[in-house]
Amino acid sequence: MSNIYVVFNELSTSADFRPSTATKHEANQWLFEFNKLIKLAEQENLAGLRTYHHPAQIYLTAEYTLRDWLQDDEFSWELRLSVEEKFARLSRIQEFPENQQGNPLLEYLYQGHPAHGLGAAHQLESLAISLPTGNEHWQTDTIALFCREFVELEEGEDFAEQESEPQVGHISQPAHLQQQKVWIEERLKTSVRNGRDLLQKAATLYPHLIFCAEAQKQIKELKANDALFRKIVNRLLTLKITVKAMGS
């Protein structure tokens, strides 16, 4: 299994972006399409769903939550069970680059709104997924974010504020997934599950880098649920590009 996920974009069901007149029957159709899309993503070797929110925190309408829908016998029990399993199987685990409250040194915003799911998708080098509510904001395969990060200058010294505008891959319909196929294929080539896996693939992934014994020891201890794991991998990739450029 890869370490590429579909990370739920909680903004797609927030009051600011959710259709104000939506009914639970419309929500049922959204979840039908959402469930199909996750299955398609898993067929493309994505590992499954990640989310910051419990079903009781996800409002499909003003007064109707995902948990309400999961318990609503008016709708297909097979669909409800399938969606419930996707949220229960992989959701709210300690593999996010931020804890459930958000990392105070790292902030992602979408048009001024805190964007935990979109930000986590960027940090995990994964895809964000939105409920297909029809909102124009989610009718795209790429979403632009604003990121503010506080980086320690030197150990024990002050922090510097860095701002960036990263792009995160996004899906809310099958066409978006098709548009992401090339990215997924390239991402799978550099996929590493943990520190031990990284070292085993180091000669291929980082042919210009040599790791000293102490670095190998520290890298080997990195787990998939280490909050800094993806950041370290990203930094190694940046270093690889720099070293390669210097030698060219």
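Numbering (my numbering), first residue to last: 30 to 277. Each residue gets a CB set at the ideal place from its N, CA and C atoms; glycine is no exception.
- With respect to the 8 Å criterion, L110 and L60 are not classified as neighbours on the basis of their beta carbons.
- Per DSSP, the unbroken alpha helix (DSSP H) holding T233 starts and ends at A231 to L234.
- Looking at E215, L174 and F179, the one whose alpha-carbon comes closest to that of D187 is F179.
- The alpha helix (DSSP H) runs of length 4 or more contained entirely in the region 51-103 are, from start to end of the chain, 53-72 and 95-99.
- In this structure, DSSP gives Q247 a helical state, which the three-state scheme calls helix.
- With the rule of 3 Cβ pairs closer than 8 Å, the region 192-208 does not count as touching the region 84-97.
- When L69, L265 and D226 are compared, the shortest CA-CA separation from L238 is found for L265.
- Contact holds between the region 86-100 and the region 42-59, because three or more Cβ pairs, one in each stretch, are under 8 Å apart.
- Only buried fits T80, as 16 or more other CB atoms lie within 10 angstroms of its CB.
- Within the DSSP secondary-structure output, V112 pairs in no beta bridge.
- Ranked by how close their Cα comes to the Cα of G141, the residues V36, M275 and L40 have L40 in first place.
- By the CB criterion at 8 Å, F116 and L78 fall inside the cutoff.
- For G146, the enclosing alpha helix (DSSP H) covers residues H145 to Q152.
- Counting along the chain, no beta strand (DSSP E) covers A44, and no H or E run does either.
- The residues R177 and F179, in chain order, have a CB closer than 7 Å to that of E190 in the same chain once the five nearest residues on each side in sequence are set aside.
- In this structure, the straight-line span from the alpha carbon of E250 to that of L228 is close to 11 Å.
- The alpha-carbon of L134 is positioned some 28 Å away from that of W212.
- Using a Cβ distance threshold of 8 Å, Q209 and L156 count as a contacting pair.
- By the Cβ-count criterion, Q152 is buried, with 16 or more other Cβ atoms from all chains shown falling within 10 Å of its own Cβ.
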